[in-house]
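For reference, each letter of the sequence shown is one residue, going 38 to 558 in my numbering.
Below: the structure, in structure tokens.
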Amino acid sequence: MQRPTPAHGTVVPPGAGGPSPQYAATNGAGVPAPVPTSADGHTPPHAQPAGGFAAPQPAPTDAFAPPHPAPTDTFAPPHSAPNDAFPPPHPQPQAHANAPHPAAAHEQQQPAHPGHGPQHQQTQWLQYDPWGAPGQPLTRPGPPEGAEPGRKKRRGGAFVGVLLLALVASGVGGGVGAYIERNGGLTTVELPQAGRDNGDRAPESVAGIAASALPSVVTLHVSGTAESGTGTGFVLDGQGHILTNNHVVAPAGSSGDITVTFSTGETASAELVGKDSGYDLAVVRVRGVSGLKPLPLGNSDNVQVGDPVVAIGAPFDLSNTVTSGIISAKQRPITAGGEKGDGSDISYVDALQTDAPINPGNSGGPLVDSQAHVIGINSAIRAADSGRGPESGGQSGSIGLGFAIPINQGKRVAEELISTGKATHPVIGVTLDMKYTGDGAKVGTKGADGGPAVAKDGPADKAGIKSGDVITQVEGQRVHSGEELIVKIRAHRPGDDLDLKLTRGGKERTVTLKLGSASGT
38 MQRPTPAHGT
48 VVPPGAGGPS
58 PQYAATNGAG
68 VPAPVPTSAD
78 GHTPPHAQPA
88 GGFAAPQPAP
98 TDAFAPPHPA
108 PTDTFAPPHS
118 APNDAFPPPH
128 PQPQAHANAP
138 HPAAAHEQQQ
148 PAHPGHGPQH
158 QQTQWLQYDP
168 WGAPGQPLTR
178 PGPPEGAEPG
188 RKKRRGGAFV
198 GVLLLALVAS
208 GVGGGVGAYI
218 ERNGGLTTVE
228 LPQAGRDNGD
238 RAPESVAGIA
248 ASALPSVVTL
258 HVSGTAESGT
268 GTGFVLDGQG
278 HILTNNHVVA
288 PAGSSGDITV
298 TFSTGETASA
308 ELVGKDSGYD
318 LAVVRVRGVS
328 GLKPLPLGNS
338 DNVQVGDPVV
348 AIGAPFDLSN
358 TVTSGIISAK
368 QRPITAGGEK
378 GDGSDISYVD
388 ALQTDAPINP
398 GNSGGPLVDS
408 QAHVIGINSA
418 IRAADSGRGP
428 ESGGQSGSIG
438 LGFAIPINQG
448 KRVAEELIST
458 GKATHPVIGV
468 TLDMKYTGDG
478 AKVGTKGADG
488 GPAVAKDGPA
498 DKAGIKSGDV
508 ITQVEGQRVH
518 SGEELIVKIR
528 AHRPGDDLDL
538 KLTRGGKERT
548 VTLKLGSASG
558 T
């Protein structure tokens, strides 16, 4: 059995639009444009075209002007139509060939009105504002007659520039819109979530059990001259005694260091009080630590198969790890250890089997019931990669086969270790033939020291057990090997009376004996 420890606008230049009448400059609000005057305040006389020819009267600039004379008011009507790009429906008088360029010298003449002398207004050029209010009058889009072709080209270039700018803006806008669409818009997303609770849990829940037991569980770091290890333990009393496994503290030897880390992160040095390899138990003690919380002990005899359990420990040095499961079986005979080869480090345990995950580093930690009482000390696991039975060594992860020393046995051994530094083992006074392959435990023919296999005046001798007898039951429980017999006997105390069933010469018989005592190692 394996021990489980060892990341605005655009401005059109003069000459780009045709001459505009004074009615047009209303700025969209019916307000006439100012008439130019000389410095003495008089309107300049009408200019005569060069060559002595009178300049013809130009047609109104609006092709759709009414056929009747315009109103006598010099203000433009509020609803004047803008200059039309289409030519007027009636023939236009043509200027004499020697007339100056319309864009340079022609003045727009107002229609004659009663009571008003002729007034002249110099040509005014309007600015085209593409972003202005819709009511503002606009000049004709085409160039005046006789304008240079180059100006049309420049205007066309400006138009292309505006178009390109619009295309770029639309592209950027579309890209931004697509990005926003892909990312759920510009609004902040807030998903529904439950509120915080008060943190209380039912005492019998795994969370409730863990909250109760964790303050009493510690992590042990052990180092010696040749090796080191990590394990778990739990507080037994207010004097600083801590129970753990023997194989957890074994690397320290007689001069190594043992450091205890509590669930709060506080650390303290510990000293060895006593240990026993046969039971795989040890007690260490810390001093000068206040506020210790002992973990209550339960009664392993009351445990039933299927009962819920919780294991607490430091698997792979992950302190305060909590796992849960059930009791899978009781009185499961296991042996563990044996690395020394002489049998002195083999432990024999009539164990509680659990499917609560137990891994290297859990050793020595508590297995607790639904009341957070200790019912076992986690000690061994069955390794998936061994395939050689429960005695095999090596380390592996949990496969749901964990074993714990019953607390009733652990309590007795801990009391003895605290009191005397040693533990006693119950014995029957026989040497077993461990090579026997039949069913049962066979008494050998001679002792380890060459003497008789049945110790003289020992419990077995007094009960009438002889060499060659095969013991098949202990207290009504079947045993199939010598190891199982030792496990069953060690589950009791020295001085307990036991009923054994055996066969001799093909016949069965039952004997009663009182267990003896031997000092452990």
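By construction, the Cβ of each residue, glycine as well, lies at the ideal position given by its N, Cα and C atoms.
The model shown is predicted, which means the values in this text are computed figures rather than measured ones.
Quick check: the Cα distance between residue i and residue j, rounded to an integer number of angstroms?
{"i": "ILE465", "j": "ASP506", "result": "14 angstroms"}
{"i": "GLY532", "j": "ASP237", "result": "47 angstroms"}
{"i": "GLY362", "j": "GLY343", "result": "9 angstroms"}
{"i": "PRO403", "j": "ALA287", "result": "19 angstroms"}
{"i": "ASN336", "j": "THR225", "result": "57 angstroms"}
{"i": "GLY447", "j": "LEU318", "result": "7 angstroms"}
{"i": "GLY475", "j": "VAL516", "result": "11 angstroms"}
{"i": "ALA366", "j": "GLN230", "result": "42 angstroms"}
{"i": "GLY266", "j": "ARG419", "result": "19 angstroms"}
{"i": "THR391", "j": "LYS483", "result": "39 angstroms"}
{"i": "ARG369", "j": "SER456", "result": "29 angstroms"}
{"i": "ILE442", "j": "SER400", "result": "11 angstroms"}
{"i": "SER253", "j": "GLY481", "result": "46 angstroms"}
{"i": "ASP382", "j": "VAL411", "result": "25 angstroms"}
{"i": "PRO178", "j": "ALA215", "result": "In this prediction, PRO178 scores a pLDDT of 48, lower than 50, which makes its location untrustworthy; no coordinate-derived value is stated."}
{"i": "ALA528", "j": "MET471", "result": "20 angstroms"}
{"i": "VAL209", "j": "GLY434", "result": "58 angstroms"}
{"i": "VAL243", "j": "ALA373", "result": "29 angstroms"}
{"i": "ASN339", "j": "ASN445", "result": "10 angstroms"}
{"i": "SER504", "j": "GLY542", "result": "12 angstroms"}
{"i": "VAL285", "j": "VAL320", "result": "11 angstroms"}
Taking only three categories from DSSP, how would you classify residue i?
{"i": "TYR216", "result": "helix"}
{"i": "ARG541", "result": "strand"}
{"i": "SER337", "result": "helix"}
{"i": "GLN446", "result": "helix"}
{"i": "HIS410", "result": "coil"}
{"i": "LYS312", "result": "strand"}
{"i": "SER253", "result": "helix"}
{"i": "THR457", "result": "helix"}
{"i": "ASP534", "result": "strand"}
{"i": "SER327", "result": "coil"}
{"i": "LYS367", "result": "strand"}
{"i": "VAL507", "result": "strand"}
{"i": "PRO25", "result": "Because the chain here runs from 38 to 558, residue 25 falls outside it and cannot be looked at."}
{"i": "PRO352", "result": "helix"}
{"i": "LEU438", "result": "coil"}
{"i": "PRO397", "result": "coil"}
{"i": "HIS517", "result": "coil"}
{"i": "ALA478", "result": "strand"}
For the candidate residues the options, whose alpha-carbon lies nearest to that of residue i?
{"i": "SER260", "options": "ALA215, LEU309 and GLY350", "result": "LEU309"}
{"i": "GLY245", "options": "VAL199, GLY325, ASP294 and VAL346", "result": "VAL346"}
{"i": "PRO240", "options": "ALA250, LEU535, ARG369 and VAL548", "result": "ALA250"}
{"i": "GLU545", "options": "ILE526, LEU329, SER554 and ILE502", "result": "ILE502"}
{"i": "ASN415", "options": "LEU454, GLY477 and ALA351", "result": "ALA351"}
{"i": "ARG324", "options": "HIS278, ALA289, GLY374 and GLN341", "result": "HIS278"}
{"i": "LYS551", "options": "ILE295, LEU535 and ASP406", "result": "LEU535"}
{"i": "LYS479", "options": "ARG449, LEU537 and THR457", "result": "LEU537"}
{"i": "ARG322", "options": "GLY311, ARG530, GLY290 and GLY434", "result": "GLY311"}
{"i": "VAL359", "options": "ASP382, VAL450, ILE395 and ALA528", "result": "ILE395"}
{"i": "THR540", "options": "ALA247, GLU520, GLY268 and GLY477", "result": "GLY477"}
{"i": "ASP486", "options": "ALA497, ASP498, GLY398 and LEU469", "result": "LEU469"}
{"i": "PRO496", "options": "MET471, VAL548, ALA307 and LYS472", "result": "VAL548"}
{"i": "ILE364", "options": "SER407, TYR385 and ALA373", "result": "SER407"}
{"i": "ILE371", "options": "LEU202, ALA421 and GLY519", "result": "GLY519"}
{"i": "HIS258", "options": "ASN235, ALA289, ALA247 and ALA248", "result": "ALA289"}
{"i": "GLY398", "options": "GLN514, GLU227, LEU228 and GLY270", "result": "GLY270"}
{"i": "LYS459", "options": "SER207, ALA555, SER291 and VAL326", "result": "ALA555"}
If residue i sits next to residue j, beta carbons under 8 angstroms apart, how far is it from one beta carbon to the other, in whole angstroms?
{"i": "LEU607", "j": "GLY413", "result": "This structure leaves residue 607 out entirely; the chain is present only between 38 and 558."}
{"i": "THR594", "j": "THR262", "result": "Outside the displayed span of the chain (38 to 558) sits residue 594, for which this structure offers no information."}
{"i": "GLY275", "j": "PRO331", "result": "6 angstroms"}
{"i": "ASP313", "j": "GLY557", "result": "4 angstroms"}
{"i": "LEU280", "j": "ALA451", "result": "5 angstroms"}
{"i": "ASN282", "j": "GLY268", "result": "6 angstroms"}
{"i": "GLY315", "j": "SER384", "result": "6 angstroms"}
{"i": "ALA421", "j": "ALA348", "result": "With 8 angstroms as the limit, ALA421 and ALA348 do not qualify as a contact, their Cβ atoms being about 18 angstroms apart."}
Answer yes or no: does any C-beta atom of chain C fall closer than 8 angstroms to that of residue i?
{"i": "THR301", "result": "The question asks about chain C, but that chain is absent: this structure has only one protein chain."}
Should residue i be listed as close to the ligand NAP, given that the test is whether its C-beta is under 7 angstroms from any heavy atom?
{"i": "GLU308", "result": "Summarising the ligand content, the structure contains no ligands, and the ligand NAP is consequently not present."}
Worksheet item: Per the contact definition of three or more C-beta pairs closer than 8 angstroms, is the segment 346–355 in contact with the segment 492–510?
Response: Cβ pair count under 8 angstroms is below three, so no.
Discussion item. Between the segment 518–528 and the segment 484–495, can you find at least three pairs of beta-carbon atoms closer than 8 angstroms?
Written reply: At 8 angstroms Cβ cutoff, the stretches do not touch.
Item to complete: Inspect the CB distances between the segment 299–308 and the segment 450–468 and report whether three or more fall short of 8 angstroms.
Response: The segment 299–308, when compared against the segment 450–468, does not touch it at the 8 angstroms Cβ threshold.
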